[in-house]
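Let me begin by presenting the structure, written as structure tokens, before commenting on it.
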Amino acid sequence: MTEPVQSEPFLADRVDDDLIITLQSDWLIGTGVPDTARIKRDLKDSSAPRRMVFKDALGKWDSSLLTFLMNCQDLAAEQGIEFEDANLPDGARRLLTLARTVPPNKDAGKTEGTSGWVTRIGESVLSGWSGTWRFVEFLGETVLSLGRLMRGRAQLQWSQVGLIIQQSGPSALGIVALINFLVGMILAFVGAVQLIQFGAGIFVADLVAIATVREMGAIMTAIIISGRTGAAFAAELGTMTVNQEVDALKTFGISSVDFLVLPRVLALILMMPLLTVFADVIAIGGGMMVSVLALGLNPTEYLQRSIDSISLNGFLLGVFKGGLFGALVGTAGCYYGIQSGRDASAVGQATTSAVVAGITSIIVADGLLAVLTNILGI
Amino acid sequence: MTHGPSTEIKAVIRDLTMAFGSYVVMRDVHATIRKSEVFIIMGGSGCGKSTLLNHMIGLLRPAKGDILYEGKSIWGVDETERALMLRGFGVLFQGSALWSSMTLTENIALPLSEYTDLSPTEINGLARLKLAYVGLSGFEGYYPSEISGGMQKRAGLARALALDPDILFFDEPSSGLDPVSARNLDRLILELRDSLGTTLIVVSHDLESIFTIGDNSIFLDTQSKRMRAQGNPRELRDHSDDDAVRNFLTSGLA
Chain C
584 MTEPVQSEPF
594 LADRVDDDLI
604 ITLQSDWLIG
614 TGVPDTARIK
624 RDLKDSSAPR
634 RMVFKDALGK
644 WDSSLLTFLM
654 NCQDLAAEQG
664 IEFEDANLPD
674 GARRLLTLAR
684 TVPPNKDAGK
694 TEGTSGWVTR
704 IGESVLSGWS
714 GTWRFVEFLG
724 ETVLSLGRLM
734 RGRAQLQWSQ
744 VGLIIQQSGP
754 SALGIVALIN
764 FLVGMILAFV
774 GAVQLIQFGA
784 GIFVADLVAI
794 ATVREMGAIM
804 TAIIISGRTG
814 AAFAAELGTM
824 TVNQEVDALK
834 TFGISSVDFL
844 VLPRVLALIL
854 MMPLLTVFAD
864 VIAIGGGMMV
874 SVLALGLNPT
884 EYLQRSIDSI
894 SLNGFLLGVF
904 KGGLFGALVG
914 TAGCYYGIQS
924 GRDASAVGQA
934 TTSAVVAGIT
944 SIIVADGLLA
954 VLTNILGI
Chain L
651 MTHGPSTEIK
661 AVIRDLTMAF
671 GSYVVMRDVH
681 ATIRKSEVFI
691 IMGGSGCGKS
701 TLLNHMIGLL
711 RPAKGDILYE
721 GKSIWGVDET
731 ERALMLRGFG
741 VLFQGSALWS
751 SMTLTENIAL
761 PLSEYTDLSP
771 TEINGLARLK
781 LAYVGLSGFE
791 GYYPSEISGG
801 MQKRAGLARA
811 LALDPDILFF
821 DEPSSGLDPV
831 SARNLDRLIL
841 ELRDSLGTTL
851 IVVSHDLESI
861 FTIGDNSIFL
871 DTQSKRMRAQ
881 GNPRELRDHS
891 DDDAVRNFLT
901 SGLA
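Protein sequence lines correspond, in order, to chains C and L. Counting from 584, one number per residue, gives the positions in the first sequence under my numbering. Counting from 651, one number per residue, gives the positions in the second sequence under my numbering.
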């Protein structure tokens, strides 16, 4: 028998048909889990042992020992040899038994086959298609729910609508004002640099007014609301899905679209036109500040030109866009929220998708409207 | 190497008052917890059991009083030292609190890779062992959302065991488990105590479990906002002269 060498955590000796593993000194996770490769070699030997026996010369031990023993036990089972645990410390033997009480679930093993690129393309097309289908379904439900609202049969609480209006409208005034004021200033600066060269500085007023009222006011406000309120909708509904609150509504026979989606979409459809008008006024104010302070234009003249240059159709178009963008942002936020998976990272994904889809749909819709208004001559 | 409750003192709760702002949850809680004992915090719903646990694991600061581990106050030391003390704790939260973006193995591996120099193979081996303890062999690569609530609970326990903690805290371990799993959990708790000498602090109102595993306990009372009893739960059931305590421990049948 070999004398225990303190540096080695275990020694493996062959005695007849037994592989005797002597465990010695301290086994603590701080110093690592000894490798079982050597034992594996011994077991694979041509004259393989029939039994694995242990000798206990242990000091302190913790999970490090048990991990090693479990690996040994697996090796023994693999090679079809006997695992003799009689000489192990009592506690270790009991914990090992405990770890083996429930046999490994064979079906649980994940099959993560790597599929070819053709398969992957096919799968993503299919999932894209079913995603589109789900979205159309959701849109349809929302429209039906709006129809129920018109007939006074929707299951929604007006107090909820009021609260959401408060959160998505008045509470957003500050950030909407700041951003649009700056955008108005930027437009005025960019325009002024060009127009001054032709001595047409006063046309800055036309530029800012028309650009803001037709396009920028609605777009900038919609983008802010998408990042602010659309994201909040997705996160809130996503968390409600995780907490089974949406399931609870279903079991009471309350339509989740009526109760959760409708108030939110409605609130944004109502608030966005108002926010757009507010944004228009603020942006023209920003443009005026630059024109008066930097270009030395007369404020009264500037205001007069601004008002003259805005057509009623242009103004109404901007307000209409506001309402449309509100519907898009609200629908995207609610859709991704309700579709969210049931854990924290899924809620994060839902929020990201909601904002991306919200902003994309705003820009696409604006592009389509630009073509349409051009054809109609508005 | 078998450990029973020893005479060595592991933790002391000293005149603890817990409050949220001016709202007092519980006054003058005091207890002594010995090494390798199963210490039960019991009481009716909403009496502040979980709040007491959150004070003990350093999540909430006491309004008054102190909590000492091996004579060292958890609130009397600086942030770095407190983090070091907390590393010796394992906590099983009521809702399992697994990190949802990681697989079960990764959940257990995170503390190991942060605080030890072990290689990935060694860490994997340890994670496999901890999952085997709680009967989840084969589910290593699963995400928490892919397994059932009871399994999540057990995986949460496996994670609490990751660093071979000195003290394990359980917030209602048997809630959401079937009777068989709940009893298996009790067995595991006793096994950890006996084999590794772990001290266990358990919030529970599962009477069967309390009588099976409890060595020592305190009873918190909502009405008086004070603790009403301390001692071995079986003895309290049979000999307590406080009606409220006996009523609780006999499910109101005596």
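The beta-carbon is built from N, C-alpha and C at its ideal position, and this holds for glycine as well. Bear in mind the structure is a predicted one, so any value in this text is a computation, not a measurement.
Could I get the ranges of all uninterrupted alpha helix (DSSP H) runs contained in the region 758–786 of chain L, with 4 residues as the minimum, in chain order? 770–783
If you count every other CB in all the chains shown that lies within 10 Å of the CB of residue 815 of chain L, and 16 or more means buried, which is it? buried
Proximity winner among L:746, L:720, L:747, L:743, relative to residue 735 of chain L (alpha-carbon distances): L:720
Alpha carbon to alpha carbon, how far is residue 698 of chain L from residue 901 of chain C? Give it in angstroms, no decimals. 56 Å
Whole beta strand (DSSP E) elements within the region 730–756 of chain L, 3-residue minimum: 739–742
Between which residues of its own chain and residue 812 of chain C is the CB-CB distance below 6 Å, once the five residues before and five after are set aside? 751
Given a limit of 7 Å on CB to CB distance, which residues of the region 606–627 of chain C reach chain L? 612, 613, 615, 616
How many Å lie between residue 949 of chain C and residue 818 of chain C at the Cα? 26 Å
Taking CB distances under 8 Å as the criterion, tell me whether residue 645 of chain C reaches chain L. yes
Within 8 Å (strictly less), CB to CB, does residue 846 of chain L reach chain C? yes
If you drop the 5 nearest sequence neighbours on each side, which residues of the same chain put their C-beta closer than 8 Å to that of residue 717 of chain C? 922
Span separating the alpha-carbon of residue 762 of chain L from that of residue 799 of chain L: 24 Å
With a threshold of 6 Å on Cβ separation, who are the neighbours of residue 774 of chain C within its own chain once the five nearest residues in sequence on each side are excluded? 787, 790
Which value, in whole angstroms, describes the spacing of the CA atoms of residue 707 of chain L and residue 702 of chain C? 50 Å
Please check if any C-beta of chain C sits within less than 8 Å of the C-beta of residue 759 of chain L. no
Identify which residue in C:808, C:851, C:674, C:850 has its Cα closest to the Cα of residue 757 of chain C. C:808
Note the first and the last residue of the continuous beta strand (DSSP E) segment covering residue 680 of chain L. 673–684
Exposure of residue 765 of chain L, with buried meaning 16 or more beta-carbon neighbours within 10 Å: exposed
CA-CA distance, residue 717 of chain L and residue 662 of chain L? 6 Å
Neighbour list for residue 824 of chain L in chain C, Cβ cutoff strictly below 7 Å: Those within 7 Å of residue 824 of chain L in chain C number zero; the least Cβ separation is about 17 Å.
The beta strand (DSSP E) with residue 634 of chain C in it runs from where to where? 634–644
What would DSSP say about residue 922 of chain C, mapped onto helix, strand or coil? coil
Residue range of the alpha helix (DSSP H) that includes residue 799 of chain L: 799–810
Residues sharing a beta bridge with residue 876 of chain L, DSSP: L:677, L:871
Assuming contact is defined by CB atoms lying nearer than 8 Å, are residue 855 of chain C and residue 908 of chain C in contact in what I supplied? yes
Where residue 916 of chain C and residue 951 of chain C are concerned, what is the direct C-alpha to C-alpha distance, given to the nearest angstrom? 22 Å
CB residue 795 of chain C to CB residue 863 of chain C, shorter than 8 Å? yes
One question on the structure: do residue 632 of chain C and residue 626 of chain C come within less than 8 Å of each other, judged by their Cβ atoms? yes
Quick one, are the C-beta atoms of residue 819 of chain L and residue 703 of chain L less than 8 Å apart? yes
DSSP beta-bridge partners for residue 771 of chain C? Per DSSP, none; premise fails for residue 771 of chain C.
Quick one: residues in its chain with C-beta nearer than 7 Å to the C-beta of residue 778 of chain C, no 5 flanking neighbours on either side, listed in chain order? 784, 786, 787
Give a yes or no on whether the minimum CB-CB distance between residue 591 of chain C and chain L is below 8 Å. no
With a CB to CB cut of under 7 Å and the five nearest residues on each side skipped, what residues in its chain are close to residue 884 of chain L? 861
What is the DSSP secondary structure of residue 790 of chain L, counted as helix, strand or coil? coil
Inter-residue spacing [alpha-carbon to alpha-carbon] between residue 953 of chain C and residue 876 of chain C: 33 Å
Given residue 792 of chain L, which residues of its chain have a CB within under 7 Å of its CB, disregarding the five upstream and five downstream residues? 753, 754
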